[in-house]
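Below is one structure, written out as structure tokens, with a few remarks after it.
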């Protein structure tokens, strides 16, 4: 499938920039859309531009190595339905049509490319309903479309999965009248409607919109990363805010180094003050999210970066727990419990990684685990105990972590073995 | 691609069994070939049988759920070239032809299915050259084929990748003469030759051949598993012999339980005698190979079995090292070194698994690591130190393991980070 991107609108420039080339979260709006489309299987693009923005957009497309061709609309005042019509000879069969000045989130594009017809949202979270184009749906198809509808079911997201038959309608309308809006074409074509609700999509008209979009992108960047309870409800709320501030200033790799350094410092602080060390450990846990968030929002995530980040997490956890053990424990049996805590902490990560290595699928996608004990949870518990020190002995922390993580390990192993005997059964006829 | 399997030979039965249905390494010869072909992309089979073995083979094929059709050769005395001719209407285009009474190894099939023409071996390791069919090659094609060639380049493996044009030759020959051997068809067709050298393939004629094939299968079952030095040169040599004896008696799961138990016992023996515990630890390391070997030879390997096995390895290693630490160390700093040894031991596995989870490709396929420290190597070193106890203090062992494994971890991390900056560079234009 090919995608047609409409960038020929006559909208005033914002901050002196062509609208599709405005940077949001460190990347041009058009870059975001095209990269997301590429990620979800669309490799060829037809970009409709106008005479005034042509040069800038073409040089942007060339610089970023996209597989594109350009159509020039020399009468942009005739509307974006007319722009669509001009792309007529560039696509055949099914194609995607998207507004060049809209921000789409990864989750949105993932669902939308699988849709058909007009992609609509019944629960838009980032737009002004008064300004947006509404759609009334009847029997799964567009019954009416426009900004001023009184009765409507959903909002037009600016993302369509059409087939080349719409060009005939666009052509007819272009012959009949001067201005042809996209909604005019859709009104006549009556395509099916696909609902993609509550995901990130919005058009960007003002600097205020840019800020809103960035906020939404950073909030989205912490999702679906297999976070534990503390991460979802505490760490991400803080880290995504910090990420937003730092995104333009530091690279993901810098953020990795900073959070690693914070983790190492927390281990050293054990010799100064255990409560302080615990707080620093929790701070490093919050900072740990930033590299990934910045990388995802600025579309620079690298998979090796993710691997290195995990390894550094293991090093920080090891250093903190073993330093705390050596600094506060004495008897051999106490050390055995500390060993158990270190072991359990590792195994929680190890099992899920070993599983993913074998099945190329996340452990937690297949199995749900009841016992807590993910990294964010362990670190938070460690901080709580450290704040109670010396009233509460660190041995209690080690017992707590050892029991919790090893219970979780036992649960994970049990779920594996259960599914294992099932699978073995399939093989041994 | 489809595969045609010739099972219509008039060979005497062996031990009262139809030859393709003789069990070798716990599985029928035909089952092995068909499962390996399935594993490498061939999903449909045409099986040529004769009147006498038809019923047995059909019920075998049905029981195992293969996607097959059967051709009956009611004149098997006319040779296997005639059998091939009878499959004429069942295949079109390229197809695989294989002897139903040949044992093929996984490595052989993997390469052979990608070949074209007659798959030949210039360096056969498992057959009697006097008995085998020889091939003389000229300009990449068969120049002469037969058992009695004086000058030849390689041996016919009984595995072919042909196209349907051979059927015309087979048909013509079947009209001209009574007996048509496959070599007669090949001699006329002059197909290309693909060399697959030194891999496992052999025909099975006698109980002696069965033993030979099993020996070869077990030897092959320890290969390509990412073994370290000790495993390749010591452990596998012992374990594959034990596996051969136990294969009919125990399941892979039983073997997992036995080696896990041996590992746990080795940790408990620390309280009795450290040299004894070290020897038991090394024995458990040898036994650790058996479950996988039996599973692979009997074609019952399950991927979850592999995951569980890895997790149990981590538990055994943890228990041994931490018990040894608690039983023999005293000062806090000593424990820190023990923590480092446990940590490094884990991280060696963790990094490679984390990498594989991300890239669905083995770490060691992409990076070569110089510093030793794989599990088999660590355990062997541990045994050596334990035999020197109490003359050599266990602290020396922990220092040695800590340094070795953490150096290896540092090397692995370095290789990751190096490739990381390269990859980041690709993203940040």
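Chains as they are written, first to last, in our numbering: chain R, 52 to 480; chain G, 52 to 480.
No residue lacks a Cβ here, since even glycine has one placed at the ideal position from N, Cα and C.
Buried or exposed by the 16-neighbour rule on C-beta atoms within 10 Å, applied to residue i
i, result
"residue 288/G", "exposed"
"residue 426/R", "buried"
"residue 349/G", "buried"
"residue 257/G", "exposed"
"residue 71/G", "buried"
"residue 94/G", "exposed"
"residue 284/R", "exposed"
"residue 396/G", "buried"
"residue 384/G", "exposed"
"residue 455/R", "buried"
"residue 457/R", "buried"
"residue 382/G", "exposed"
"residue 286/R", "buried"
"residue 346/G", "buried"
"residue 145/R", "exposed"
"residue 296/G", "exposed"
"residue 473/R", "Here the model assigns residue 473/R a pLDDT of 49, short of 50, so the residue's position is not dependable and the matter cannot be decided."
"residue 43/G", "Nothing about residue 43/G can be reported from this structure: the residues present for chain G run from 52 to 480 only."
"residue 465/R", "exposed"
CA nearest to the CA of residue i, picked from the options
i, options, result
"residue 365/R", "394/G, 349/G, 363/G", "394/G"
"residue 102/G", "118/G, 127/G, 94/G, 218/G", "127/G"
"residue 341/G", "303/G, 318/G, 377/G", "303/G"
"residue 171/G", "179/G, 187/G, 156/G, 157/G", "187/G"
"residue 212/R", "272/R, 75/R, 56/R", "56/R"
"residue 269/G", "459/G, 253/G, 293/G", "293/G"
"residue 165/R", "363/R, 191/R, 88/R", "88/R"
"residue 121/G", "403/G, 145/G, 96/G", "96/G"
"residue 84/R", "405/R, 443/R, 253/R, 154/R", "154/R"
"residue 419/G", "291/G, 329/G, 279/G", "279/G"
"residue 333/G", "352/G, 345/G, 312/G, 347/G", "312/G"
"residue 369/R", "405/R, 449/R, 305/R", "449/R"
"residue 344/R", "362/R, 329/R, 305/R, 372/R", "305/R"
Any chain R beta carbon closer than 9 Å to residue i
i, result
"residue 374/G", "yes"
"residue 224/G", "no"
"residue 366/G", "yes"
"residue 129/G", "no"
"residue 144/G", "no"
"residue 475/G", "For residue 475/G, the predicted structure reports a pLDDT of 44, less than 50, and the residue's modelled location is therefore unreliable. The matter cannot be settled from this model."
"residue 275/G", "no"
"residue 480/G", "Per-residue confidence for residue 480/G stands at a pLDDT of 29, beneath the threshold of 50, marking its modelled position as unreliable; no derived number is given."
"residue 452/G", "no"
"residue 390/G", "yes"
"residue 420/G", "no"
"residue 212/G", "no"
"residue 320/G", "no"
Chain C contact residues for residue i, given Cβ-Cβ distances below 8 Å
i, result
"residue 384/G", "In summary, chain C is missing from the structure at hand, where the protein chains are R and G."
Residues of its chain near residue i, where Cβ-Cβ distance is below 6 Å and the 5 sequence neighbours each way are ignored
i, result
"residue 198/R", "184"
"residue 379/G", "445"
"residue 314/G", "335, 367"
"residue 376/R", "389"
"residue 124/G", "59, 99, 101, 134, 137"
"residue 243/R", "167, 168, 191, 192"
"residue 479/R", "Only weak support is given to the placement of residue 479/R: the predicted model assigns it a pLDDT of 35, under 50, and the question is left unresolved by the model."
7 Å Cβ shell around residue i - same chain, five flanking residues per side excluded
i, result
"residue 176/R", "249"
"residue 34/R", "Outside the displayed span of chain R (52 to 480) sits residue 34/R, for which this structure offers no information."
Min CB distance residue i to chain G below 9 Å
i, result
"residue 90/R", "no"
"residue 354/R", "yes"
"residue 481/R", "Only positions 52 to 480 of chain R appear in the structure, and residue 481/R is not among them; the question remains open."
"residue 399/R", "no"
"residue 410/R", "yes"
"residue 84/R", "no"
"residue 369/R", "yes"
"residue 117/R", "no"
Spatial neighbours of residue i in its chain, beta-carbon cut-off 8 Å, leaving aside the 5 residues before and after
i, result
"residue 149/G", "54, 55, 56, 57, 84, 88, 155, 209, 210, 211"
"residue 431/G", "281, 285, 333, 336"
Every unbroken alpha helix (DSSP H) inside the region 123 to 165 of chain G [4 residues or more]:
The qualifying runs are 131 to 137, 157 to 163.
Would you list, in sequence order, the uninterrupted beta strand (DSSP E) runs of no fewer than 3 residues that lie entirely inside the region 217 to 264 of chain G?
244 to 246, 252 to 254
Going residue by residue through the region 388 to 460 of chain R, where are the continuous beta strand (DSSP E) segments of at least 3 residues, counting only ones entirely within it?
With a minimum length of 3 residues, no continuous beta strand (DSSP E) run stays inside the region 388 to 460 of chain R.
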